[in-house]
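J.: From first to last, the protein sequence lines stand for chains A and B.
Using this note's numbering, the final residue of the first sequence is 672, and nothing's skipped along the way.
Using this note's numbering, the final residue of the second sequence is 1666, and nothing's skipped along the way.
C-beta atoms are modelled at their ideal positions from N, C-alpha and C, and glycine is treated no differently.
Can you keep this structure in mind? I'll have questions shortly.
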Amino acid sequence: MNPSGNSCGSIPAASPFAPVAGPIIRSVNDPFHGDLLEVSMGPQHPSTHGVFRMVATLDGELIVKLKPVFGYLHRNHEKIAENTSYLASMPYTDRLDYLCSLSTNWAYAFAAEKLLGQPVPDRAQYLRIILAEMTRLVNHACLVGFLFNDLGTSFTPLLYAFREREKIIDLFESLTGSRMMCNYQRFGGCRVDPTPEWLEAARKLVENFPRFLDEYERMLTGNEIMLARTQGIGRVTPAQAINAGITGPVLRACGVDYDIRKVDAYGFYSRFDFRVPLGDHGDTYDRYMIRILEMRESVKILAQAFRDLPAGPIMDSKAKQRGHRPKAGEAYGRIEGPKGEIGFHLISDGSPNPYRYRVRPPSLINLTLLEDMCLGHTLADSVVILGSIDIVLGEVDR
Amino acid sequence: METVEQIRDRLLARFPAAAVAVVTNPGAAAEHALLLDATHAREIAEFLRDDPVLRLDYCSNVTGIDWPEKEITDTVKTTVADPAGGPAKVVETKTVRVEPGYFEAVYFLYSMAKKHGPVIVRLRTANRTDAVTLPSLTPVWRSCDFQEREIFDLFGIVFTGHPDLRRLLLWDEFVDHPMRKDYVEPDDYEWEPTAHGDVLARAQAHQAAVAAAAAAAPSAAMPVVNPTPSAS
């Protein structure tokens, strides 16, 4: 499976981030060397989520060229949003990333509030942080499950992750009315106030979440197959990642300390005590590990948010509920979504519709380095590398 | 971080031949932008990336915008004295001028090293019809790669110097650019040319040949005639 033996034998048991010895790109010594074969991975391959294609050129089993092909799910979300009012495109933002709709909601509300000059009350800010961090738990737990699914473990890790996700999206359903396409944020606040029972249930769930993580990690983190298949695979250097605009856990796995929650301190993130986990190698294993560590930090943020949640209104008293007509100008609002920087660039000409509505999708831009990550690895590794980038095609294609 | 005006002054001192202007944002966000001319955009971008004070190493978002030509009516009020000696009259003269349209690409630059930003950079094409070319900033920031391809796809701006400028979201045979403001949606999205007409013409030619053969030799068995597509 691993001709050069660059990872299996050299893993120290103590630290998961210890350096991996040996060359990263393996030598080519199979009889097919020199004959190139073009393989179309996807669009209907299950590892490419059904709507994404990787055109890989193979030399024997190793990838020498790989071009991603997009657009199988394109529905021109931006044009639709430019033809409707500001509020009416709010439900469309849920559909961009169906695993973390509440984060995407927040990013759009954030940009629109910037455009409108609309303040948000304290309680709504805390509720947004609570829901965004719960979304992060859902997204990262699912990603870890999917990553193991891509590794060929069908499907215990995914089932366990979905069990936890189910508990969280039950709470989402009772608050927002929807399990996946939650639509909760409004310009100037939130739509409904959670009941004390809901808050208590959410607090208990978050309190129990580290126990699930411990159990999950006991099963997965030191797993021998996992280590052999992910350490040293799909490496990215920090300079490459910064230049390619990679954000989120994929960037932080290379050791670049850049988290918009810390850098911009939007919402009330400056009031929270949390750490930004960083990797060392920028390989698939670090990307997995960063997600686990980020979930633990999210649990910390959530515990503080439940403790400090202020009383008060959830909607600014002067906020308009419909018929927003921001004066001419533009605004770019960005937040740290579970997948990276999710931003909205809105341009107003004073009419009820946005003149220009642009989504900055983290999934699409994180794919910029897909070819570099895969070069020199086997086709089977490309599946794991793609899984570790964490893409959702609703957002890549829009 | 420096203000946009300070950055502009530094750029003008460093690149005296370049045209750099500040585009103000009248909205509540008040994020002003730098407008660069196309010929110097690439070297200015490299300067912004490598400058030790700014270190804008991360290009986050690239937006394409279509500004179609606008008809603007200017009203000039002049006071005309009445030759008959009455009170002076105010005369309004209306002149209609057409402001030419253009495409714009807006780059949001941040610094991961210094943790500041954004510095917003705008580039404009000469018009909307034939000179829709802008220099690509992908060689400076690789994150522009897919975003510039998307703008090429949806707006039709051609980025010169882009390593791999192809359509990103729409299929290669698609002819129009749907994010343009004057894009007209098709009446029927499902319509596509089929071989119907050709097949019918071939079938008719075949039937005529069969009928001619039957008329020439009525007692013979039905001949096999190869349907040959006609030139018409």
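Evaluate A/I499 with the Cβ neighbour count: other Cβ atoms within 10 Å of its Cβ, from every protein chain shown; 16 or more gives buried, anything less gives exposed.
T.: Position 225 of the first sequence, counted from the start, is the residue given in the question as residue 499 of chain A. Exposed, because fewer than 16 other Cβ atoms sit within 10 Å of the Cβ of A/I499.
J.: Between the alpha carbons of B/F1542 and B/W1575, how many angstroms are there, rounded?
T.: If you number the second sequence from 1, residue 1542 of chain B lands on position 108. If you number the second sequence from 1, residue 1575 of chain B lands on position 141. One C-alpha to the other measures close to 11 Å.
J.: Do you know offhand how far A/D560's Cα is from A/E610's?
T.: Here residue 560 of chain A corresponds to residue number 286 of the first sequence, with the count starting at 1. Here residue 610 of chain A corresponds to residue number 336 of the first sequence, with the count starting at 1. Roughly 19 Å between the two C-alpha positions.
J.: Are at least three pairs of beta-carbons, each pair with one atom in the segment 527 to 543 of chain A and one in the segment 1536 to 1550 of chain B, less than 8 Å apart?
T.: Touching, yes, given that three or more Cβ pairs across the two stretches are closer than 8 Å.
J.: Along the chain, where does the alpha helix (DSSP H) that runs through A/G668 open and close?
T.: Counting from one through the first sequence, the residue named residue 668 of chain A turns up at place 394. Run containing A/G668: 667 to 671, per the alpha helix (DSSP H) assignment.
J.: Jot down the residue ranges of each uninterrupted beta strand (DSSP E) in the segment 1564 to 1632 of chain B, minimum 3 residues, whole runs only, in chain order.
T.: DSSP runs (the beta strand (DSSP E)) wholly in the segment 1564 to 1632 of chain B: 1567 to 1569, 1592 to 1594.
J.: Taking DSSP as the reference, what is the three-state secondary structure of B/K1528?
T.: Walking along the second sequence from the start, residue 1528 of chain B turns up at place 94. Correct three-state label for B/K1528: strand.
J.: Rounded to whole angstroms, what's the CA-CA distance from A/T358 to B/R1476? Just pull it up for me.
T.: By one-based count along the first sequence, residue 358 of chain A stands at place 84. By one-based count along the second sequence, residue 1476 of chain B stands at place 42. Each residue's Cα considered, the two are about 36 Å apart.
J.: What are the residues in the segment 340 to 359 of chain A lying within 7 Å of chain B by C-beta distance?
T.: Going along the segment 340 to 359 of chain A in chain order, one finds F344, G345, H348, N350, E352, K353 with a Cβ nearer than 7 Å to chain B.
J.: Exposed or buried, which one is B/H1596 when buried takes at least 16 other CB atoms within 10 Å?
T.: On the second sequence, residue 1596 of chain B is found 162 positions in, with the first residue counted as 1. That one is buried.
J.: Within a Cβ cutoff of 6 Å, which residues of the same chain sit near A/K339, ignoring the five residues on either side of it in sequence?
T.: Locating residue 339 of chain A in the first sequence gives position 65, where the first residue counts as 1. Cβ within range, chain order: T331.
J.: Alpha carbon to alpha carbon, how far is A/Y372 from B/R1636?
T.: For the purposes of this step, residue 372 of chain A is identified with residue 98 of the first sequence, where counting begins at 1. For the purposes of this step, residue 1636 of chain B is identified with residue 202 of the second sequence, where counting begins at 1. Cα to Cα, A/Y372 sits roughly 51 Å from B/R1636.
J.: Taking A/L401 as the reference, give the member of A/P600, A/E312, A/F384, A/L583 with the closest Cα.
T.: If you number the first sequence from 1, residue 401 of chain A lands on position 127. Ranking A/P600, A/E312, A/F384, A/L583 by Cα distance to A/L401 puts A/L583 first.
J.: Looking at C-alpha atoms only, which residue of B/V1540, B/K1615, B/A1463 is the closest neighbour of B/L1568?
T.: Translated into the one-based positions of the second sequence, residue 1568 of chain B becomes position 134. Of the listed residues, the one whose Cα sits closest to B/L1568 is B/V1540.
J.: Measuring CA to CA, which of A/R596, A/R581, A/I354, A/V657 is closest to B/E1619?
T.: Here residue 1619 of chain B refers to the residue found at position 185 when the second sequence is read from its first residue. The option with the nearest alpha carbon to B/E1619 is A/I354.
J.: Counting C-beta neighbours from all protein chains within 10 Å, is the total for A/I668 16 or more, i.e. buried, or is it exposed?
T.: By one-based count along the first sequence, residue 668 of chain A stands at place 394. One detail in the question is off: residue 668 of chain A reads as Gly in this sequence, not Ile. Buried, by the Cβ-count rule.
J.: Output the boundary residues of the beta strand (DSSP E) element that contains B/C1493.
T.: Numbered from its first residue, the second sequence carries residue 1493 of chain B at position 59. Here the beta strand (DSSP E) through B/C1493 covers 1492 to 1501.
J.: Going by other Cβ atoms of all chains shown within 10 Å of its Cβ, with 16 needed for buried, is A/S281 buried or exposed?
T.: Translated into the one-based positions of the first sequence, residue 281 of chain A becomes position 7. Caution is warranted here: a pLDDT of 41 is assigned to A/S281, below 50, making its placement in the model unreliable, and no coordinate value can be reported.
J.: For A/D554 and A/V394, which I take to be in contact (beta-carbon distance under 8 Å), what is that distance rounded to the nearest angstrom?
T.: Position 280 of the first sequence, counted from the start, is the residue given in the question as residue 554 of chain A. Position 120 of the first sequence, counted from the start, is the residue given in the question as residue 394 of chain A. With 8 Å as the limit, A/D554 and A/V394 do not qualify as a contact, their Cβ atoms being about 38 Å apart.
J.: Cβ closer than 7 Å: which chain B residues qualify as neighbours of A/I391?
T.: Mapped onto the first sequence, residue 391 of chain A falls at position 117. Going by the sequence as given, residue 391 of chain A is Gly instead of Ile. The answer, in chain order, is A1462.
J.: According to DSSP, is A/V325 helix, strand or coil?
T.: Taking the first sequence and counting its residues from 1, the one referred to as residue 325 of chain A is at position 51. Here A/V325 sits in coil by DSSP.
J.: Please name the residue, chosen from A/V573, A/L347, A/R526, A/R549, that lies closest to A/Y562 on a Cα-to-Cα basis.
T.: Walking along the first sequence from the start, residue 562 of chain A turns up at place 288. Nearest option by C-alpha distance: A/R526.
J.: According to DSSP, what are the bridge partners of A/Q459?
T.: Within the first sequence, residue 459 of chain A is the residue found at index 185, counting from 1. Partner(s): A/C464.
J.: Using the rule of at least 16 other Cβ atoms within 10 Å of the residue's Cβ for burial, across every protein chain shown, is A/Q399 buried or exposed?
T.: The residue you call residue 399 of chain A lines up with position 125 of the first sequence. Buried, because 16 or more other Cβ atoms sit within 10 Å of the Cβ of A/Q399.
J.: List the residues of chain A that B/K1549 touches, going by C-beta distances under 8 Å, in chain order.
T.: What you label residue 1549 of chain B is simply residue 115 of the second sequence in a count that begins at 1. In chain order: Y532, V537.
J.: Quick one: which residues of the segment 597 to 618 of chain A get their C-beta closer than 8 Å to a C-beta of chain B? List them in chain order.
T.: Of all residues in the segment 597 to 618 of chain A, P600, K601, A602, G603, E604, A605, Y606, R608, E615, G617 have a Cβ within less than 8 Å of some Cβ in chain B.
J.: On a Cα-Cα basis, can you pick out the residue from A/C416, A/S662, A/N640 that is closest to A/T558?
T.: Translated into the one-based positions of the first sequence, residue 558 of chain A becomes position 284. It is A/S662.
J.: What do you get for A/H619, buried or exposed, if any count of 16 or more other CB atoms within 10 angstroms of its CB means buried?
T.: As a working mapping, residue 619 of chain A is identified with position 345 in the first sequence. The residue is buried, with at least 16 neighbouring Cβ atoms inside 10 Å.
J.: Using a Cβ-Cβ cut-off of 7 Å (strictly less than) and excluding sequence neighbours within five positions of B/I1585, which residues of its own chain qualify?
T.: Residue numbering aside, residue 1585 of chain B sits at position 151 when the second sequence is read from its first letter. Taken in chain order, the residues that qualify are V1496, G1498, A1539, I1591.
J.: For the candidate residues A/Y360, A/D538, A/I507, whose alpha-carbon lies nearest to that of A/V658?
T.: Taking the first residue of the first sequence as position 1, residue 658 of chain A is located at position 384. Per the Cα distances, A/I507.
J.: Report all residues from its chain with a CB closer than 7 Å to the CB of A/A654; omit the five preceding and five following residues, and keep chain order.
T.: Taking the first sequence and counting its residues from 1, one reaches residue 654 of chain A at position 380. Nothing listed; no residue qualifies.
J.: Cβ atoms of A/F461 and A/G607: under 7 Å apart, would you say?
T.: Residue numbering aside, residue 607 of chain A sits at position 333 when the first sequence is read from its first letter. Residue numbering aside, residue 461 of chain A sits at position 187 when the first sequence is read from its first letter. Contact flag unset, no.
J.: Quick check: does the Cβ of B/A1453 come within less than 6 Å of any heavy atom belonging to the ligand ADP?
T.: Ligands are entirely absent from the displayed structure, and the ligand ADP is therefore not among its contents.
J.: In angstroms, rounded to a whole number, what distance separates the CA positions of A/Q578 and A/V418?
T.: The count along the first sequence starts at 1 and reaches residue 578 of chain A at position 304. The count along the first sequence starts at 1 and reaches residue 418 of chain A at position 144. Roughly 25 Å between the two C-alpha positions.
J.: From B/D1516 to B/I1554, what distance separates their C-alpha atoms?
T.: Stepping through the second sequence from its first residue, residue 1516 of chain B is reached at position 82. Stepping through the second sequence from its first residue, residue 1554 of chain B is reached at position 120. Between B/D1516 and B/I1554, the C-alpha separation is close to 53 Å.
J.: Where A/R596 and B/R1614 are concerned, what is the direct C-alpha to C-alpha distance, given to the nearest angstrom?
T.: The residue you call residue 596 of chain A lines up with position 322 of the first sequence. The residue you call residue 1614 of chain B lines up with position 180 of the second sequence. Spanning the two alpha carbons is a distance of roughly 27 Å.
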